[in-house]
Amino acid sequence: MTVPAELLALREQIDALDQQLFSVLAERFKVTAQVGELKKKFQLPAQDVAREAQQLEKTAKLIADAGLNAEFALRVQRLILDEVVAQHKQC
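Here the working numbering is used: the first residue of the sequence shown is 511, the next is one more, and so on.
Below is the structure:
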């Protein structure tokens, strides 16, 4: 079966977007690792519930502005925040 050129082009776009998405995510985790080291240095707790609430509120606005599925986007943000906390607990 021959794949239409338009489909191939869209798949290339998806691949490029995936690369960007994971590059940005990797960069985010590099920064949050630095946050974890500072928390350790200053003996701060791994989890900052107030900061997480602020992040989730910002995410809700970004979701609305971008027209994303709110439930999905908030699950993704929660997953990221949980991973950050887990990494901070390992510091």
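Note that beta-carbon positions come from the ideal geometry of N, C-alpha and C, so glycine has one too.
1) How would you label Val594, buried or exposed, when you count the other beta carbons within 10 angstroms and need 16 or more for buried?
2) Between the C-alpha atoms of Val534 and Ala583, what's the straight-line distance to the nearest angstrom?
3) To the nearest angstrom, how far is it from the Cα of Gln597 to the Cα of Leu591?
4) Check Val513 in the structure and name its three-state DSSP category.
5) Looking only at its chain, what residues have a beta carbon closer than 8 angstroms to the beta carbon of Gln587, apart from the 5 residues adjacent to it on each side?
6) Kindly indicate which three-state DSSP category Ala556 falls into: helix, strand or coil?
Checking against the coordinates, here is how it stands:
1) buried
2) 16 angstroms
3) 10 angstroms
4) coil
5) Gln565, Leu566, Thr569
6) coil
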